[in-house]
Amino acid sequence: MNKQQLKADLALLIATAFWGTTYVLTKFALDFFGPLNIISIRFILAAVTLVIIFHRRLINTTRPLLVRALLASAMLLLSFLSMNYALLYTSASNAAFIGGTTVLFVALFERLLLKRKLKKRIWLCVVLTLTGIGLLTINSDVRFVFGIGELLSLGCAVSYALYILLIDRFTEEYDPVALSTWQMVFIALASTLLTFSFETYKIPSDGTSWLVILLLAFPCTAIAYVAQILAQKYTTPTHASLIISLETVFAGLFAFVILREVLAPLNYVGAVLMFISLVIMEFPEQAIQRPKSSH
5 MNKQQLKADL
15 ALLIATAFWG
25 TTYVLTKFAL
35 DFFGPLNIIS
45 IRFILAAVTL
55 VIIFHRRLIN
65 TTRPLLVRAL
75 LASAMLLLSF
85 LSMNYALLYT
95 SASNAAFIGG
105 TTVLFVALFE
115 RLLLKRKLKK
125 RIWLCVVLTL
135 TGIGLLTINS
145 DVRFVFGIGE
155 LLSLGCAVSY
165 ALYILLIDRF
175 TEEYDPVALS
185 TWQMVFIALA
195 STLLTFSFET
205 YKIPSDGTSW
215 LVILLLAFPC
225 TAIAYVAQIL
235 AQKYTTPTHA
245 SLIISLETVF
255 AGLFAFVILR
265 EVLAPLNYVG
275 AVLMFISLVI
285 MEFPEQAIQR
295 PKSSH
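The sequence shown maps to residues 5 to 299 in the numbering used here.
Okay, here's the thing in structure tokens:
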């Protein structure tokens, strides 16, 4: 693995750690705002910040770039909406496990749609990751049913998998920062229109609600999604999705530290399996092959 890909993986890991906090932050935010309202404020603040910082990189924006940013933002917004509403109909454990199948869909789509042959150890990592997610999300609320909540969670997994593949293609030709910035703008506009249509729009009114929204907007959105798009320029979709799947581990960690949610023994086993998957994926391939005898 070259240094560029290692830096990309580290950027993805940091972004994933930020996303791991969104479980706790959104839990607090829902005490003040509706699901659409949270997305709207979160992306408005992120979009304004990125436009201010990177306005010079937007000057030469072309129509093809805008079209691709619109497509990517549509998939990302769809994944947000699917998961937020899935939680109204199913348990967090069911939603987390089904949503975590993104890594499987990315691998399948990369093989079937992009015609890329994946190495055996990548498929091993996919299996370990899915098993780990399953064990990590097991609790007394797990129900083996497939209703509207489970269907929406599956929609989230598929739409985010497509988003990862789109970003992989688009960053080959276009400026990743410009793509990310316009993506924030489009999601901010769409979610704001949806909020005014289906909810009562609210602005943070106290220190706690402002703190939660600012954390969601900046580290979890502006920084994390720019980092993802920049990183995906130097890695494959399946490789990226395996790292992003660690969001479940970080979510469990932050829930334990901040909300004092206790993990079951099998949850720890799941986290270990996902860590093993990451080690296998990152370990240099030549180092895991049996060295040839010199005799």
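Heads up, the beta-carbon is just placed ideally off N, CA and C, and yes, glycines get one too.
According to the Cβ coordinates, are residue i and residue j closer than 8 Å?
i           : j           : result
residue 213 : residue 84  : no
residue 191 : residue 80  : yes
residue 171 : residue 76  : yes
residue 66  : residue 154 : no
residue 182 : residue 72  : no
residue 13  : residue 240 : no
residue 250 : residue 270 : no
residue 109 : residue 162 : yes
residue 113 : residue 165 : yes
residue 180 : residue 22  : no
residue 188 : residue 51  : yes
residue 46  : residue 220 : yes
residue 90  : residue 99  : yes
residue 111 : residue 130 : yes
residue 33  : residue 42  : yes
residue 1   : residue 17  : With the chain represented from 5 up to 299, any question about residue 1 goes unanswered, as that position is not in the structure.
If we ignore side chains and look at the alpha-carbon of each, how far apart do residue i and residue j end up?
i           : j           : result
residue 53  : residue 135 : 38 Å
residue 268 : residue 25  : 20 Å
residue 272 : residue 137 : 11 Å
residue 128 : residue 259 : 28 Å
residue 274 : residue 284 : 15 Å
residue 204 : residue 57  : 31 Å
residue 206 : residue 133 : 38 Å
residue 3   : residue 152 : Residue numbering for the chain in the displayed model covers 5 to 299; residue 3 lies beyond these limits and cannot be assessed.
residue 115 : residue 169 : 11 Å
residue 87  : residue 15  : 24 Å
residue 158 : residue 229 : 22 Å
If you follow the alpha helix (DSSP H) that residue i is part of, which residue opens it and which one closes it?
i           : result
residue 27  : 26-33
residue 53  : 39-62
residue 86  : 67-90
residue 340 : In the structure displayed, the chain extends from 5 to 299; residue 340 sits before or after that span and is not available.
residue 256 : 251-262
Relative to the ligand MN, is the shortest distance from any of its heavy atoms to the C-beta of residue i smaller than 7 Å?
i           : result
residue 274 : No copy of the ligand MN appears in this structure; indeed no ligand is present at all.
Quick test of the definition: if touching needs 3 or more C-beta pairs under 8 Å, does the stretch 240-258 touch the stretch 186-205? Taking 8 Å as the limit for Cβ pairs, the verdict is that the stretch 186-205 does not touch the stretch 240-258.
Item checked: Minimum length 4: unbroken alpha helix (DSSP H) runs contained in the stretch 155-241 -> Runs of alpha helix (DSSP H) with 4 or more residues, each lying fully within the stretch 155-241, are found at 180-202, 211-221, 228-236, listed in chain order.
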